[in-house]
Amino acid sequence: MLWVDKYRPKTLDQAMVHQDIAQNLKKLVAEQDCPHLLFYGPSGSGKKTLIIALIRQIFGPSADKVKVENRTWKVDAGSRTIDIELTTLSSTNHIELNPSDAGFQDRYIVQEIIKEMAKNRPIDTKGKKGYKILVLNEVDKLSREAQHSLRRTMEKYSAYCRLILCCNSSSKVTEAIRSRCLNVRINAPTDEQIVKALEFIGKKEGLQLPSEFSARIAEKSNRSLRRAILSLETCRVQQYPFTSNQIIPSMDWEEYVSEIASDIMKEQSPKRLYLVRQKLYELLVNCIPPEIILKRLLFELLKKLDAELKHEVCHWAAYYEHRMRLGQKAIFHLEAFVAKFMSIYKAFLIAAFG
Amino acid sequence: MDMDIPLPDELELLEANYHLHEDWTELELPEPDPEEYIEEDRQPASGSQSPPSTHHQQSTETQVNGLKRLRAVDETTAGPSDEKRSRIDDEDWLRYSPPPQESDPMVEERTTADAVEEKIVWRYASEIDGDFIPVTSLGDRVYAKISRVEMEERPQRLHVAGQSGGLILEPVDVLLQRLEQEAFTRALQASSRSQSDVILPETPVVHERLWVDKYAPNSFTELLSDEQTNREVLLWLKQWDSCVFGSEIRSTSDEVLSALKRHSSINQHHKLSDSKFPRNNRGSRWNNEKFKHFNGMNHENNDSKRVQELPNKSRSTGQPEQKILLLCGPPGLGKTTLAHVAAKHCGYRVVEVNASDDRSSSTIGAKILDVVQMNSVSADLRPKCLVIDEIDGALGDGKGAVEAILKMVSADKKSDMEKENVNKEQTSGKASSKKGRKSPSLSRPVICICNDLYAPSLRPLRQVAKVHVFVQPTVNRVVSRLKYICNKEGMKTSSIALTALAEHTECDIRSCLNTLQFLNKKNEVLNAWEIGSQVVGRKDMSRGVFDVWKEIFQKRKLKRQQRTNNSCGILSNEFDSLHSLISHRGDYDLIVDGLHENFLHLPYHDPVMQKTVKCLNSLGVSDLMNKYIMRTQHMPLYAYQPVIAIIVHRLVAQVQRPNIEWPKSYYRYRTMLMEKQDSLRSWYNTISPSISRHLSIKSFVEDSSSLLLHILSPSTIRLVALHLLSEKEKNDLAQLVSTMVSYSITHRSIKSDPLPSSLGHQAADVSELSFDPPISGFINFQGYRSGHHVLASTMKQMLAHEVEKQRILQASIGRSAHLTDGYNKENQASLGQETRRLQSGRADHVGASAANNGKSESIPNRTQSNPSTSSVSSNLGNGNTAAGTKLNSSGCTRRSCGSSSFFDRFRKLGKGCQNTAEAVRKEATSERDSRPLVFKFNEGFTNAVKRPVRVREFLS
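Chains A and B, in that order, give the protein sequences.
Letter by letter, the first sequence follows residues 1 to 354 of the UniProt record's numbering.
Letter by letter, the second sequence follows residues 1 to 956 of the UniProt record's numbering.
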């Protein structure tokens, strides 16, 4: 088992980062009044861990007994019935699923599941009617229609089930839903928090962890706790008695992006753009989300850029990312950004050096 | 054959020119003469004697009429087998004196019936011709018609002729000459038409013929289409010669000889007509005709040569490589015409099957079979050439045409070898008749014609056929032809207008001609500036997507005169044409993809990349629009899509011909992405849910993949036997194995798929071991070398072994845990936690796990047979699971160590189990149940252990 999983806090009390949030959640549960919740924050910040700990807090250890189920839902959509296949992860008291996997049929799936949960409400030990919890991952990828359909369902069935929504960015969740939920922002852990977590793990594993080294890992992790812990383990595997200047392996795709960036800096021409396109395709094929590619590319480019251009380049990066999110074919917009950058940079070069 | 041609009255008059005529008739008819010598002994005499006979028969001339008529009838039927030659000559001569006389009165008396009787005269004369060529001094052209004569008509003719009376010398001569001339020209026309009629069975409507048909090219050189294509088509057809003509001649020599003879006679006729031709006022065609006929002659000669060569020559070569010719191109460029003309040129009889007529496989198959294999019984013995027109129109169930052809081709390939053998036999044996063999194979050229080369139904055909794509003939060529036709039809046009017309119709000759004819009928004049409104209509055709891309990327060359016009007009014209082109095509998504794929390759000038940025921006707009349309279903918005392509056109279009590729990369990206996502998802499903719930595709590739790979292939583990490892190393290894198990990753040999180069350090290994969910693929980028350490393959093997063991162990534990679930869940969970903490220090995990193993097997039986002991067993179960989970988490070290003492396990297992069983149940059953037998064979290694086993142990 990886350390990421091994030292994942199981309860709200054990939380290493975001203790304040964990405590608040605990209080919330203690009052037996759990509203709908919306967790949002960057990846690797511990949203999912908190959610699971919260569920455990509510339902006790039985929440840990989960099973994976591949279910086909028959949805009656007006004139025809649609079969939607989806993987769910469920215990007796909660269901977890990723509705955006259903693609454009996601609007049916949410309603259908909630209705079904409402049908068989669990009766808890004291004979009181309890509620179930539905965890929806990646709500920001839900279509607008699905979000709209969710909003009525949330109110109608609120007695039977609570929703815990989880997403990276709350801006893609409609106002209506946000206002129906208690929004919980999970920040990315700060470097200090990461260092603390790493030290905790080091102690548990009985490792000698030089403080500079852990600081370096934290710095390189992009404030993602998951990556920090994985890096630590990788370093442990590669060379145990840690030295403070040990190489911390980086992600391959990031290396590749920086290659692309230097390609772009070297030459600005349609031919070079074509080469870059091939490389971008390579990244996309390997399931790397285009937004992240764009972000990383911008990061790499900014490193090499003259200060007076940075502002403009950032503006265009934002512009094209916006368009990319509106559109379908990410490659068009990624490439457009690269072209735009080339254009700006070349004009700059010509102006500067004739 | 007993004829005599006197023309008595004229003889004297014409004696002066006579010899001249004789000379050249003899020159021109060299072939039939010798043959006739052979056939009938009488002929040479008559032939040679005829000139003198005419001379001295002058005197008897007056007696002729009434008497001889009867005899003539007799003679013709009975045949001239009697008497002296001289007498026969006389009689013949007498008998045949009528013709001139007959013609005379006809001229005088029945001018109305001219045509009919001229015809008769002519035919009659031609009959005579066979025998007495030299005599027919005046009507030398008449003889050309010999072969068509029928015997039965003769008496009738005589009868008619006999009634004629008086002779007028002077006028008759003149008249006759004129008449014969007329007759001949008419005959020529008729013959040439009849010839073409055989090919194109159409009813010649004299006045209302379409110009398209009227001026269709008849010979190869007249073709308008691209010279190169023409020649290649011809070459292909010529490749069939040896197979088609050769075998034909060989197998049925008699028939062919006669056919040849006939051919040659036709030839002669052609030659005659050629010599005569200048007098017809079809001046321009004369050269062509001549060319063609000479060609035909050559062809014929070749054939006859081949006949002679045949016996010696074993026929190994034959049909061309590709047995089917596929002509494709836009309508109206003359594909069909080319096929017809070329086939005719090569001496084939064209049989046209229109694939849009017969749509079912069986009918068209039969039809094709008929054409290709049967020898015709009809008069025309030329081999057939099959032309399947509009084969792409045969969609749906009409795929039959393609199927039928393909079947034949494939059958042909199969039977090629044997056929060759048979052919050889045939050449040697010579007796075997060809008609006996009827394997469905192609032995005749087949030409298929289509408009859309990429029609789905043609896909299989494309692979076997020789494909020729028609290109537009140059405007100049089209215009000059149009002009010629207009001149002939007496229509006044300017070449500017014609050029405009040709451009407007995109060099579609058919449409040009139809338009011209239409205008001519209406007595309107083609006007260069109003073509858009004047021309009846544009073709509303959707073109292939490649054409669309080409149009977008290629700038049309502008004529100077057009350039002088206001540029706005050109722009709007261009805009209109592109717009209609793109919107007719539809399928904007594909078009935009193609633009994106190809536009960077264009050599447009773009120093600061501004054009590129604009292009990509507009492509982006198209993408946004597309998504918006799909989301909101506002289909009318699609109307704005073509504009985007036009923007790109304005930005990057070049004059050079673009090299366009199908947008593969986007689709490749799509499919590969789906594939990888699926593999990831299915991998997550195999991981235990407590871990996989934290994983998402995004987080894996973003944060974990590389690091996980580093962890999974550590460089620190030495490659030595397990028991030689130090304690620390064992720990590391155990950690690694447990990681692999919990993430359900293993090493598996992948034979077909070689490891990507970035990871393939050990290239020599044939069966590489690589990660089973192919996670290493996620960091494998083209042109990128990752610095990942790769384990030695023996190491991998060992790891895979360990992982397998661990997994089996866990599975059995899991089963027992699952069973105890039913009794008390809460209890077990908490207990598990407790015991985990408690037992963490214990050393003899091997034994414990073994016991655990045993129990897991024994529990089911126990619970089934004796529910009363459930409480006890549940307790026990709890203990077990606790141990199990503990083992799961931290006991892997021992696992790997324990593997060295494999036999110990079984020994201990037995003991441990017995103990537990004693506590709960009778010994026998527990003993039986306690030994788990796990058989798992994996490629590459075996963990087989010999031990006596009873059958019932398997049955449990």
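All residues carry an ideal CB built from backbone N, CA and C; glycine is no exception.
Values in this document were obtained by computation on a predicted structure and should not be read as measured data.
- Under DSSP, the beta-bridge partners assigned to Q554 of chain B are B:Q654.
- Beta-bridge annotation (DSSP): K132 of chain A is paired with A:C161.
- Between the region 186-193 of chain A and the region 141-148 of chain A there are fewer than three inter-stretch CB-CB distances shorter than 8 angstroms, so the stretches are not counted as touching.
- Distance between L225 of chain A and K614 of chain B, taken at the CA atoms: about 41 angstroms.
- Taking the C-beta atoms as reference points, T229 of chain B is found no nearer than 8 angstroms to P270 of chain A.
- One alpha carbon belongs to K664 of chain B, the other to K172 of chain A, and they sit about 33 angstroms apart.
- In the pairwise beta carbon analysis, the region 280-299 of chain A is classified as touching the region 325-343 of chain A: at least three pairs are separated by under 8 angstroms.
- At a cut-off of 8 angstroms, the C-beta of C287 of chain A has a neighbouring C-beta in chain B.
- With its beta carbon at least 8 angstroms from every one in chain B, D106 of chain A lies outside the interface.
- The three-state secondary structure of W73 of chain A, taken from DSSP, is strand.
- With its beta carbon at least 8 angstroms from every one in chain A, Q654 of chain B lies outside the interface.
- Look at N617 of chain B: its C-beta is under 8 angstroms from a C-beta on chain A.
- Under a 10 Å Cβ-count criterion, R481 of chain B is classified as buried, with 16 or more other Cβ atoms of the shown protein chains found around its own Cβ.
- C-alpha of S706 of chain B to C-alpha of D140 of chain A: approximately 26 angstroms in a straight line.
- Boundaries for E702 of chain B: no alpha helix (DSSP H) harbours it, and the DSSP string shows neither H nor E there.
- Residue state for K119 of chain A is assigned as helix, using DSSP reduced to three classes.
- For S90 of chain A, the enclosing beta strand (DSSP E) begins and ends at 80-90.
- Think of a sphere of 7 angstroms around the beta carbon of G365 of chain B: no beta carbon from chain A falls inside it, the nearest being about 41 angstroms out.
- If you check the CB distance, K627 of chain B and L284 of chain A do not come in under 8 angstroms.
- Under the 8 angstroms criterion on CB atoms, P714 of chain B is classed as interfacial with respect to chain A.
- Those residues of the region 325-339 of chain A placed with their C-beta closer than 8 angstroms to a C-beta in chain B are L326, G327, Q328, K329, I331, F332, H333, E335, A336, A339, ordered along the chain.
- Straight-line spacing of the CA atoms in A318 of chain A and Y588 of chain B works out to 27 angstroms.
- Proximity of G620 of chain B to chain A, defined by a Cβ-Cβ separation below 8 angstroms, is satisfied.
- DSSP lists A:L38 as the beta-bridge partner residues of N183 of chain A.
- In this structure, I51 of chain A lies away from F59 of chain A, with their beta-carbon atoms at least 8 angstroms apart.
- Using beta-carbon distances, V237 of chain A counts as an interface residue toward chain B, with a partner under 8 angstroms.
- Note: K67 of chain A is bridge-paired with A:S90 in the DSSP secondary-structure output.
- If only complete runs of 4 or more residues are kept, the region 596-640 of chain B shows the alpha helix (DSSP H) at 610-632, in order along the chain.
- Residue contact with chain B for R323 of chain A: present (Cβ-Cβ distance below 8 angstroms to some residue of chain B).
- Residues are counted here when their Cβ sits less than 9 angstroms from a Cβ of chain A; for the region 738-749 of chain B these are S738, T739, V741, S742, Y743, given in chain order.
- Per DSSP, the unbroken alpha helix (DSSP H) holding D252 of chain A starts and ends at 252-266.
- Under DSSP, D389 of chain B takes part in a beta bridge, and its partners are B:N354.
- Nearest Cα to K47 of chain A within the set A:Q105, A:K27, A:S79, A:L136: A:L136.
- The residue from B:S786, B:Y669, B:F184 with its alpha-carbon nearest to that of P289 of chain A is B:Y669.
- Ranked by Cα distance from Y784 of chain B, the first of A:S258, A:H315, A:E308, A:M342 is A:S258.
- Note that the C-beta distance between I344 of chain A and E312 of chain A is below 8 angstroms.
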